[in-house]
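**Q**
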Amino acid sequence: MKFIMKSSFIRLSLSLLFIVSSTLLVETSVFSKPKEDSKKVSPEDSIKDPMEKRIYILLNDENVVKRRHAAITLWHYPHPRSVNALIEALEDDDSQVRKNAVRSLGKLRSKKAIPDLIELLDEEEGDLRNQAVRSLGLIGGKEVVGPLIAALDDEDKVVRMSAIWSLKLIRDKRALRGLIERLFEEDKEVRAYAAQALGDFGDKRAVKYLKHAYMNDKDLSVRQNAALSLRKLGVKVDFPTENG
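This is the structure we're talking about:
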């Protein structure tokens, strides 16, 4: 009888040991198995340098939002590698990435980018042409004056106004005639902007044309800007009002 009880106890102990061992084995395999849905480490995560990380994202990342952000922030890193990456990004499929790259190249005052930015003046999209004009104005230099003068005749009035702004920054005397011609165009906003820019341009050869705008233009804002510019150029005139 004792032998039977002892034998039963041994079998029960072995059964319990098997159950515990199996449970531990299962738990170990569950906890040690890597999660299938764990996030993969992206290549840019291994790049420590912030400039290099942005360059990598700009040129390689499939996420267009991340490329746009990289393009608009790379101007904080004035380095030849940044410039080269931004120039390459001018070929991006996304229009906003391209515009952001153009803007950054302007802020970097990159002379190397001038030929590529000039090419963009023939782009179909007005916003892209406009940003290229403004960036060329920021970069400056004699080589950009001709293309900017040509942009004064752009079909988009915003581009024409940006060309006025850029040429005002550069103040190359070759631009004077083109700026004066904008005083006589159909769009009143462009005329007003040209009248204001000619005062900042600082060439007294514009005085007689500003006087004509001051006395004859039908739009009050044009006449007012012409008056302010005439004063800057040393001509005393009354400031026009609605009633005067």
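In this text, residue positions in the sequence shown follow this note's numbering: the first is 16, and each later residue adds one. Backbone N, C-alpha and C define an ideal beta-carbon position, used for all residues, glycine too. Small disclaimer: the values here were computed from a predicted structure and weren't measured.
Are the CB atoms of G121 and L132 nearer to each other than 9 Å?
**A** Residue mapping note: residue 121 aligns to position 106 of the sequence shown, counting from 1. Residue mapping note: residue 132 aligns to position 117 of the sequence shown, counting from 1. Yes, the Cβ-Cβ distance between G121 and L132 is below 9 Å.
**Q** If you compare alpha carbons, which of N240, Q146, E257 and P93 is closest to Q111?
**A** The sequence position of residue 111 within the sequence shown is 96, counting from 1. Answer by Cα proximity: Q146.
**Q** By the 10 Å Cβ neighbour count, where 16 or more other Cβ atoms means buried, how is V174 classified, buried or exposed?
**A** Residue numbering aside, residue 174 sits at position 159 when the sequence shown is read from its first letter. By the 10 Å Cβ count, V174 comes out buried.
**Q** With a threshold of 8 Å, establish whether the CB of N99 neighbours any heavy atom of the ligand SAH.
**A** This structure simply doesn't include the ligand SAH, nor any ligand for that matter.
**Q** If you draw a straight line from the C-alpha of W90 to the C-alpha of K219, how long is it?
**A** Along the sequence shown, one-based indexing puts residue 90 at 75. Along the sequence shown, one-based indexing puts residue 219 at 204. Going by the C-alpha atoms only, they are around 37 Å apart.
**Q** Give the secondary structure of L167 by DSSP, where H, G and I count as helix, E and B as strand, and everything else as coil.
**A** What you label residue 167 is simply residue 152 of the sequence shown in a count that begins at 1. Looking at L167 - three-state DSSP - the assignment turns out to be coil, as it is neither helix nor strand.
**Q** Three-state secondary structure (DSSP) at L248?
**A** As a position in the sequence shown, residue 248 is number 233, starting the count at 1. DSSP places L248 in coil when its eight states are reduced to three.
**Q** Could you give the DSSP three-state label for G121: helix, strand or coil?
**A** In the sequence shown, residue 121 corresponds to position 106, counting from 1. Residue state, collapsed to three classes: helix.
**Q** Please identify the residue among V79, N99, A241 and K81 whose C-alpha is closest to the C-alpha of V222.
**A** By 1-based counting over the sequence shown, the position of residue 222 is 207. With distances taken between Cα atoms, V222 lies closest to A241.
**Q** Could you check which residue in K226, G214 and L194 has the C-alpha nearest to that of V6?
**A** Because the chain in this structure spans residues 16 to 259, residue 6 falls outside the shown range and cannot be described.
**Q** By a C-beta neighbour count over all protein chains shown, 10 Å radius and 16 as the cutoff for buried, is V80 buried or exposed?
**A** Here residue 80 refers to the residue found at position 65 of the sequence shown. It counts as exposed.
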